Structures are given as C-alpha cells and as structure tokens.
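Anchor point for the sequence shown: position 486 equals 495 in our numbering, and the numbering is continuous, going up by one each time. C-beta: ideal position from N, C-alpha, C; glycine also. As the structure is a prediction and not an experimental result, all values here were calculated from the model. Below is one structure, written out as structure tokens; the observations come after it.
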Amino acid sequence: MWRWQVVRRGVTLGAIAVSIAPLAVVRAARGPDPVCAVRLGSQERSSIWAPPLDRVVNLHVPDVPIREALDRLAVVARIELSYSVELLPAGKRVCLTLDRVPVGAVLESLLSGTSLRSIVLGTTQVVLAPTRAGVVADVGTGAVSAGGLASTASSSANSRRASVLDRVVVTGSPDGAPQRGSPFALDVIDGETLARHGVGTLGEALDLAVPGVWSWTASAGTLSARYGSIRGASSFGVSAPKIYLDGIEVANPLLVTQLDPARVERVEVIRGPQGAALYGADAISGVVNILTRHDGTPTGAPEVQLSTTAGLSATAYAPRDAFVQDHALSFRSGSSSRSLGLGLNIGTVGAYVPGASEQRLLADADVRVVHANAVFTGTARFSAQRANASTSLIFGGSTTPSLTASADASASPVGPSRLRATASGLGAALPDSSGNRPPFDPTARVPFTGDSATGQSLSQYTVGGTMAVMPNLHWTHTVIAGVDGYRLRGLSTASLPTPVSSTSALGEGQGAADRGTLRLRTVGRFDLAEGTLLAVTFAAEQALTRDVSSALIEAPGYRPGGGALTPVIAPSPTVLRFAQSWINNAGLSAQAMLSWHDRWYFSAGGRAERTSGATATVQHALLPMVGAAYVREYGPAVLKLRSAFGTGIRPARTLARGTSWMGRGGASEGLEPEQQTGLEAGADLVFAHGVSVHVTRFDQEASGLIQPVGSMTTAVGTNGRIVRNLSYTLQNVGAITNRGWELQATARRSSLQLAGALSLVDSRVARTANGYRGELRVGDRMLDVPASTVSLSAAWAARRWSLSSTATRAADWIGYDRNAIGEALANTTREYDVGGPLLRRYWLNYSGVTRWRANASYKLRGDLSVLIGGENLLNVQRGAPDNATVTAGRTLSFGLRSLF
C-alpha cells in the first residue's frame with residue numbers, strides 16, 4: 010500500500026496520475042559536487058516549458074532533503090504538486106541557489122536520477138509520475154547540485170521536455186492520460202481563460218476557443234441552447250454534444266448553459282463521433298466534460314471571493330435600456346488532500362424586448378478526500394432559471410413603428426423564388442422594385458411568440474461522486490455514480506420554422522427527467538518491452554432514465570401516433586396529458602492504446618450498447634473507434650500527426666428533442682436513429698517560443714437525420730367556421746455530408762497571449778429517404794449551419810492591469826425568412842400554406858454576424874479589483890440565426906471583486 014504525500018496543493022486526479030505509464034526514459038548525467046550557484050543557458054528559457062512549468066521563480070535552499078526542496082518549490086511557484094514519497098530516492102539531498110529560473114528546469118534537475126518526470130495536469134497542477142526503469146542513478150552521496158542543473162540541461166538533448174502535448178486530459182482517454190497520444194482533436198479551456206474573458210455560458214466558452222463548434226446567442230424567452238454547428242449538423246434543432254459534469258452525464262445537454270468561471274477548473278471538448286466508443290449513445294456530435302475545481306487553498310485557510318457587477322444593455326426594441334446584474338460568491342478551504350468548495354451565482358437580465366426578462370441562480374459544492382491509494386471527489390449542483398415570455402416584435406403585438414422594421418440587411422433571398430405570395434396564395438404582398446416588402450396593417454396581426462408561448466421556467470440538479478483506487482502501479486479502478494435531472498415548463502419552438510400563437514394552450518407544455526448513471530472502469534498499464542507500453546481499458550455503464558412529458562389530446566388536427574399540433578391563427582381547445590416512461594441504457598466497452606518509443610501511438614476500441622424504452626423495440630448498437638498518432642521533436646519544436654475514425658448514434662427519441670414541440674407522445678415512433686460516421690486527420694505543431702498551430706480535416710456522413718415536416722389540416726371550429734391548422738410530424742431526411750477544415754493557433758509572449766480559431770464547413774444533403782416530404786433536396790446546404798466561423802482573442806496582464814478582448818463571427822448560412830412567414834400567418838384575409846416543399850420559398854441567405862466583447866480589471870489594493878466589461882460592443886440585435894430573433898444589445902457593466 011502506497012503512502013501518498015501531496016505537497017501544499019494537490020490535484021483532483023493526482024493520486025491517479027502517479028500510476029500513469031511512462032512516456033520517456035530520462036537519462037541524466039551525474040553532476041559535480043554540490044555548489045549552490047548556476048547560470049542557465051538560453052535553452053532553459055521559460056518559453057520552452059508548458060504552463061505552469063514556465064513560471065519563473067527564485068529558489069534558495071541549503072542542503073536539504075529532496076522532499077523539502079519540492080515542498081518549497083510548490084510554495085514559491087504557487088503550483089499544485091503531487092507525487093509518491095516511495096519513488097523519491099532515500100537520502101537524496103539538494104543545494105540550490107537559483108534566480109529567475111523556470112519551474113520546469115528546476116524540476117528537471119531535482120528529478121534527475123529518479124524514476125519520476127513532470128506531467129502537466131492543469132493550469133496549476135503538476136504530477137510527478139513514474140517512468141520506466143532504467144534511469145541513470147546518482148552515485149556517491151546522492152546529492153544534486155546547482156552545477157548538476159547545468160549539466161542536466163546539456164545532457165538532456167535526447168530527453169523530451171513536457172509540452173502542451175503532455176497535458177493530462179480525462180476526456181477521450183482511459184483514465185487520465187497525456188494528450189500526446191490522443192488520435193483525435195481535443196480542446197482544453199481552463200477556468201482562468203474563462204474568467205479572464207468574462208465568459209458566463211457554455212456556448213460563449215465554445216465559441217471562444219473551440220473551432221468547429223458554434224452556439225447561437227440565446228434570445229428573449231428561451232433558456233435552451235441552440236447549436237448552429239458541431240462540425241456541421243447531426244440533427245434539426247437538437248444538434249448538441251454529450252455533456253458531462255465531473256464525469257456525470259447530464260440528462261439534457263441543451264439545458265446546460267450556465268458557467269461560473271470561478272468554479273470551473275477546465276472544459277474538455279471532443280468534436281465528432283470519435284468519442285462515442287467511450288461515451289456511447291448521444292455522443293454523435295462530440296463530448297464536453299466540465300470539470301469543476303476540487304483544489305484547496307495555498308495555506309489551507311478558508312478563502313472567500315466576492316464579485317458583483319451591474320450595468321445596462323442597450324436595445325432598440327424596448328422603451329428603455331435593460332438593467333443587468335450578476336453577483337457571485339465562492340468559498341474554498343482545505344489542502345490538496347482534503348478540500349471543500351461552495352459557490353453561489355445570481356443574475357438578472359431586464360426586458361430588452363417588451364415583456365421579456367430573465368432571472369437565474371446557480372449553486373454548487375465540491376469535496377475531495379485523498380487517502381492512501383484512493384481519491385474521492387464529490388459534486389453537487391443546482392440551477393434555477395426563468396425567462397419570461399416575449400411577444401415577437403416581428404410577428405405582431407407591437408405599437409412602436411421601429412418594431413415593424415424590415416428584415417436585417419444582412420439577409421438576402423435565395424434565388425428568384427423568395428416569395429411569390431400572390432401567385433401562390435401565401436398571403437403577403439409582392440416585394441417592390443427594391444426588393445423590400447411594403448408594410449401591412451398591424452391591426453390584422455395575431456400575436457406570436459419568438460420562442461416559447463409562455464416563456465420558460467427551468468430547474469436542474471446534479472449530485473454524484475467519483476472513487477478511484479490504485480492497488481498497484483499497473484491497475485486503476487474507478488467508480489462514478491450520480492443523478493442528474495431537470496424540471497421544465499414551456500417548450501421551445503426553435504426547431505420549427507413557424508411561430509406559435511401566444512394564446513395557445515401549448516404554452517403549458519412541460520417536461521421533466523431524472524437520469525441515474527453508474528460507470529465502472531478498470532485501466533491497466535504494462536511495459537511490454539523496452540520502449541513499448543500498453544494501456545487497456547474495460548468499462549461497464551448502466552443508466553436509467555425517468556422521462557415525464559406532456560402530449561396533446563382532443564385537439565383539432567391531432568393525430569394519435571405522431572405529430573405535434575401548432576395552432577397559428579386561432580387557438581383551439583387543447584388538453585395536455587402527462588405520460589411517464591423509463592429508458593434503460595447499458596453499455597460495455599474496451600479500448601487499448603499501444604505506444605512505441607514515445608513516438609508512435611495506436612488506439613482501437615469499441616462499445617456495445619443496448620437501449621430499451623426509448624422506442625417500441627429494443628435497439629442495439631456497436632460503436633467502433635480506431636486511431637493513430639505520430640509525435641516527433643525537431644529541435645525546439647514538437648510535431649504530431651494524428652488520425653481517427655469513429656461512429657456515433659442518437660436514438661430517435663431523446664430528452665433533448667423532448668424539450669421542444671417535437672418528440673411529444675409517440676412522435677418518434679417508427680423513426681430510424683440518427684447516426685454519424687467520420688474520419689478526421691490533423692497535425693499539431695508546438696514551438697518552444699510559445700507558439701502552437703493545429704490543423705484538422707474532417708469528413709463525416711450523418712444518416713437518419715430527423716426533421717419536423719409541416720402539413721396543413723382543416724377542421725371545423727366551435728363556431729362552425731373552417732379552421733386551418735399547421736401540424737408537424739418527424740421524418741427521417743436521409744443522409745448528409747459534413748466536410749471541412751479546422752485551424753487553431755496560439756501565441757504567448759511574456760504577459761501577452763493571442764489565440765485564434767477558424768472553421769470552414771460544407772454541410773449538404775447527400776440523399777433523401779423514401780417517404781420524406783420536406784423541402785430539402787439532394788445538394789442543398791443544411792439549414793442554419795454557418796459555412797465559416799472564426800474567433801480571435803487577446804489577453805494582457807501586468808502588475809495591476811488585466812485586459813482581454815474577443816471577437817467571434819459566423820458567416821454565410823441558409824435559414825428561414827421568419828419575418829415573411831410571420832406576415833403570411835398574420836394576414837387572416839388570405840389562405841397560406843407553409844408546409845412541406847413550399848417552405849423553400851422562405852429560405853434566405855444570411856451573410857453573417859460579428860460579436861465583440863472586452864473586459865478589464867484593475868487591482869486597487871490588496872485583493873480588491875475593479876471590473877469593467879462590455880458585451881456585444883457592435884450592438885447587433887438581429888440577423889442571427891434569423892431575422893426574427895432578437896438578442897441583447899450592447900451591454901456595459903461595472904463591478905468589484907475581492908478575495909478575503
């Protein structure tokens with residue numbers, strides 16, 4: 010049984026990472042007799058090392074044991090250093106007098122002659138993990154001197170330095186492994202970056218730093234996330250990654266939007282279906298793992314951080330600017346071996362459109378206990394949000410002339426058939442010679458909502474924990490158990506092309522779910538031969554989900570067995586029926602990674618799944634993954650080539666689809682599951698001077714995509730008049746191809762950090778399914794998927810000042826002309842038909858939208874700082890993802906933050 014020593018501050022997976030398999034054999038020559046003085050060569054500059062090993066420190070230690078030297082280094086560098094005392098050489102003493110030396114160089118010297126090397130786990134977390142036997146041991150007294158540091162530097166040309174590729178990740182790896190051997194693209198966003206840029210939602214975090222992922226800004230009256238692209242489209246309205254919170258699967262990924270940067274350690278993201286071999290169904294688009302902080306404090310004493318900000322959000326759609334505020338309180342106490350954290354975040358957004366406002370609350374707690382060869386981490390989270398209803402400004406209900414403005418100039422018609430209303434009987438006036446529509450009488454309008462008929466009210470919770478046990482250096486056993494659930498009132502219509510009457514009883518639609526998950530995982534690591542390492546993973550997972558949803562009955566046009574009714578002209582009596590069902594999902598997976606001489610990496614694995622309760626028949630799936638990576642160092646640069654193939658699947662009935670108007674009752678019966686298969690290949694180039702470049706090419710095919718297809722129905726109302734209703738049924742479209750490029754670059758120079766990401770996507774219909782009656786045709790671009798997205802960010806920090814700025818842009822997508830659809834539905838003097846293929850007449854080409862944010866902080870004294878922030882500085886409120894959605898305008902805020 011190992012005795013664990015965690016120096017000052019540990020890491021959440023510190024005890025696990027000590028059993029990580031060796032990545033290289035470190036051979037260091039014995040230095041001369043102890044002398045406490047050294048001058049390091051230029052090759053020891055801080056830019057060689059990955060953060061936090063690049064931190065420059067002054068370290069003066071007399072003749073002391075190596076344990077004490079490591080202890081002092083952790084304090085001076087403010088890092089979380091974890092290691093096993095058993096692996097330190099007994100009796101080894103050190104004598105160092107160093108000024109302005111990077112932490113990585115100091116550790117390299119201290120660990121020379123041992124079986125340990127530095128592994129970067131996070132922004133402040135470093136683990137000393139064992140390498141394969143065969144290092145050159147010190148002789149004589151076993152002491153290492155400052156002179157020995159210089160000789161180590163000169164003799165380590167054949168040993169590999171820790172770089173960004175050595176950062177340990179838990180997503181997409183068996184049980185926490187260096188990113189170096191991962192065959193697919195994986196992004197890590199640390200909590201410090203989120204805080205520096207003022208990120209408060211998951212969508213903002215992904216837009217900031219992850220190429221290929223785009224999330225549309227939330228509009229008034231809705232709480233659900235809306236992903237425009239995750240390497241293209243994998244569904245209609247419910248494209249989303251599979252989301253985990255500290256390894257616990259959330260019940261509905263579209264409802265996870267809030268983030269408190271002060272409580273997040275990092276966010277790890279896999280794009281594409283390659284992660285499905287480990288994570289199973291619903292990982293068709295990718296995986297997001299939100300890892301919260303479980304660290305202690307530098308001294309072990311309790312720390313409290315309080316921040317408060319308030320400001321105004323400009324708007325052209327309300328009588329006055331909207332008041333916004335955000336207040337956060339966090340508490341942290343303990344050491345790396347035992348820690349406790351609490352957090353509370355409260356915020357409100359005023360009505361930047363008439364009648365709409367939002368209130369939110371987020372509370373969470375974490376605990377960690379490290380004992381002997383086991384680590385336990387616990388997580389609890391509760392979120393409550395409410396978005397009050399807004400009457401759509403474009404579809405009626407307004408009296409201000411500015412609210413009836415024409416569509417945004419960034420939208421242009423698709424071809425000459427934009428809308429020939431008179432010829433086709435759609436009920437809107439012909440465009441004039443300039444292409445604009447003449448205004449129509451607003452008194453003829455019927456009030457429609459922009460998203461949900463009665464707004465949305467949402468509460469979510471997550472509770473669970475992880476236990477990892479390491480009986481020896483070869484095996485690690487992990488148990489993850491947790492429950493996640495939500496209660497939702499007011500269902501989104503974002504996936505539908507048409508609005509919903511604000512007086513409809515459909516606004517009472519509700520949904521609730523609770524998902525319990527148990528995951529068992531065993532990882533073994535073995536040395537097969539000199540330089541040949543094997544890691545194998547065996548896992549079993551059992552998830553049980555309770556789903557409660559409302560369905561329409563006894564309504565005109567209602568069709569048992571499928572279809573969601575949307576009254577668009579005259580509300581009709583409806584009755585809601587609540588149905589409860591149980592979904593059982595079980596999976597077995599196995600995966601192996603073989604590495605050869607720390608240069609070649611081969612990965613292969615698969616997962617077998619069984620799902621019952623989601624559909625009338627039991628579904629089985631086999632999800633394979635194969636990949637390879639090649640890593641080589643060229644002087645101060647490290648080049649990695651990688652490629653991976655994978656398959657993901659999403660059942661026809663999912664909780665994500667159930668939170669919208671689709672998926673109610675038996676709407677998904679008889680549908681094929683959505684599936685995506687794809688290949689990616691890429692290169693990562695990391696330079697010693699702080700510059701890295703990442704390029705990825707992906708080619709994927711998604712089949713069985715499910716789309717709501719509208720059709721007109723006629724019924725006789727209570728007054729004897731004919732009532733036309735528009736109803737929707739879910740249909741499999743066929744197959745689409747998602748192809749494109751992803752580019753990412755970062756640069757770090759002293760206190761300045763620059764980053765950029767670019768994604769080019771071509772998402773098109775490859776073939777249509779038999780019986781499909783929608784508007785899509787072979788060769789059409791997928792709707793609401795931007796052809797290009799880009800993000801640019803910069804951050805600068807000095808002694809007192811900290812500045813950051815981010816610009817994001819999505820360009821060139823096809824979407825619905827919701828303004829024209831609303832006009833057609835509001836004109837009660839004409840008949841209309843917006844079902845099936847006729848919706849092509851309402852397609853528009855949107856040129857793009859750019860959003861710019863900036864933040865600044867100034868330290869007044871001690872731990873008291875002034876905060877200044879600006880969101881949507883270009884004041885763009887319309888045009889994304891369509892011409893009817895209205896978002897908050899330019900928002901300027903001011904606040905204070907203090908640590909005590």
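Original post:
Are residue 792 and residue 830 close, meaning C-beta to C-beta below 8 angstroms?
Top reply: no
Subject >> C-alpha gap between residue 293 and residue 243, whole angstroms >> reply: Taking the straight line joining both Cα atoms gives about 7 angstroms.
Original post:
Can you tell which of 360, 365, 194, 599 has its C-alpha closest to the C-alpha of residue 296?
Top reply: 194
Subject >> Inter-residue Cα distance where the pair is residue 219 and residue 805 >> reply: 21 angstroms
Original post:
If you draw a straight line from the C-alpha of residue 907 to the C-alpha of residue 876, how long is it?
Top reply: 11 angstroms
Original post:
Using the beta-carbon count (16 or more within 10 Å), is residue 197 buried or exposed?
Top reply: buried
Original post:
Do you know how far the Cα of residue 227 is from the Cα of residue 848?
Top reply: About 24 angstroms.
Original post:
So residue 757 is in the alpha helix (DSSP H); what residue range does that whole segment cover?
Top reply: First-last for residue 757: 743 to 758, but that is the beta strand (DSSP E), not the alpha helix (DSSP H).
Original post:
Would you call the region 249 to 256 and the region 878 to 886 touching, i.e. three or more CB-CB distances under 8 angstroms?
Top reply: As far as the Cβ criterion goes, the region 249 to 256 does not touch the region 878 to 886, which means the pair count is below three.
Original post:
Can you name, in chain order, every residue of its own chain whose Cβ lies under 6 angstroms from the Cβ of residue 817, other than the five neighbours on each side?
Top reply: 216, 800, 860
Subject >> residue 657 vs residue 374 beta-carbon contact at 8 angstroms >> reply: Contact annotation: residue 657 and residue 374 have beta-carbon atoms that are not nearer than 8 angstroms.
**OP:** Have a look at 640, 211, 539, 705 and flag the residue whose alpha-carbon is nearest the alpha-carbon of residue 608.
**Re:** 640
Original post:
At which residues does the beta strand (DSSP E) containing residue 351 begin and terminate?
Top reply: 347 to 358
**OP:** Taking all protein chains shown into account, decide if residue 880 is buried (16 or more other Cβ within 10 angstroms of its Cβ) or exposed.
**Re:** buried
**OP:** Give the DSSP-derived three-state secondary structure of residue 202 in the structure shown.
**Re:** In this structure, DSSP gives residue 202 a helical state, which the three-state scheme calls helix.
Original post:
DSSP puts residue 693 in a beta bridge; with which residues?
Top reply: 649, 703
Original post:
Quick one: is residue 848 near chain D, going by C-beta distance under 8 angstroms?
Top reply: The structure shown has no chain D; it contains just one protein chain.
Original post:
In or out: residue 398 buried (at least 16 other Cβ within 10 Å) or exposed?
Top reply: buried
Subject >> Residue closest to residue 559, alpha-carbon to alpha-carbon, out of 603, 499, 68 >> reply: 499
Subject >> Secondary structure of residue 630, DSSP reduced to three states >> reply: Three-state DSSP puts residue 630 in a strand.
Subject >> Beta-ladder partner(s) of residue 301, from DSSP >> reply: 273
Subject >> Span of the alpha helix (DSSP H) around residue 82 >> reply: 75 to 86
Original post:
Quick one: any contact between the region 689 to 706 and the region 525 to 542, if contact means 3 or more CB pairs under 8 angstroms?
Top reply: no
Original post:
With DSSP run on the structure shown, which of helix, strand or coil describes residue 263?
Top reply: helix
Original post:
How would you label residue 779, buried or exposed, when you count the other beta carbons within 10 angstroms and need 16 or more for buried?
Top reply: exposed
Original post:
Do the CB positions of residue 507 and residue 237 come within less than 8 angstroms of each other?
Top reply: No; because the gap between Cβ atoms is not below 8 angstroms, this pair is not in contact.
Subject >> Cutoff 7 angstroms; reference residue 204; Cβ partners in own chain excluding five residues on either side >> reply: 270, 271
Original post:
Which residue comes first and which comes last in the alpha helix (DSSP H) that contains residue 8?
Top reply: As displayed, the chain neither begins before 10 nor continues past 909, which places residue 8 out of reach and without an answer.
Original post:
For residue 337, which of 309, 371, 348, 381 has the nearest alpha-carbon?
Top reply: 371
Original post:
Looking at the structure shown, is residue 480 part of a helix, part of a strand, or coil, going by DSSP?
Top reply: coil
**OP:** Assign residue 554 to buried or exposed, taking buried as 16 or more other Cβ atoms, counted over all protein chains shown, within 10 Å of its Cβ.
**Re:** Counting Cβ neighbours within 10 Å, residue 554 comes out buried, since at least 16 surround it.
**OP:** Give the single residue among 245, 740, 231, 283 whose Cα lies nearest to the Cα of residue 921.
**Re:** The displayed coordinates of the chain run from 10 to 909. Any statement about residue 921 would go beyond what the structure contains.
**OP:** Under the assumption that residue 3 contacts residue 261 (Cβ atoms under 8 angstroms), give the Cβ distance between them as a whole number of angstroms.
**Re:** Nothing about residue 3 can be reported from this structure: the residues present for the chain run from 10 to 909 only.
**OP:** Take the Cβ of residue 99 as the centre, count every other Cβ of all protein chains shown within 10 Å, and call the residue buried at 16 or more, exposed below.
**Re:** exposed
**OP:** Find the nearest neighbour of residue 276 within the set 282, 263, 255, 288, judged by alpha-carbon distance.
**Re:** 255
**OP:** Under the assumption that residue 599 contacts residue 546 (Cβ atoms under 8 angstroms), give the Cβ distance between them as a whole number of angstroms.
**Re:** That belief holds up - the Cβ atoms of residue 599 and residue 546 are roughly 7 angstroms apart, short of 8 angstroms.
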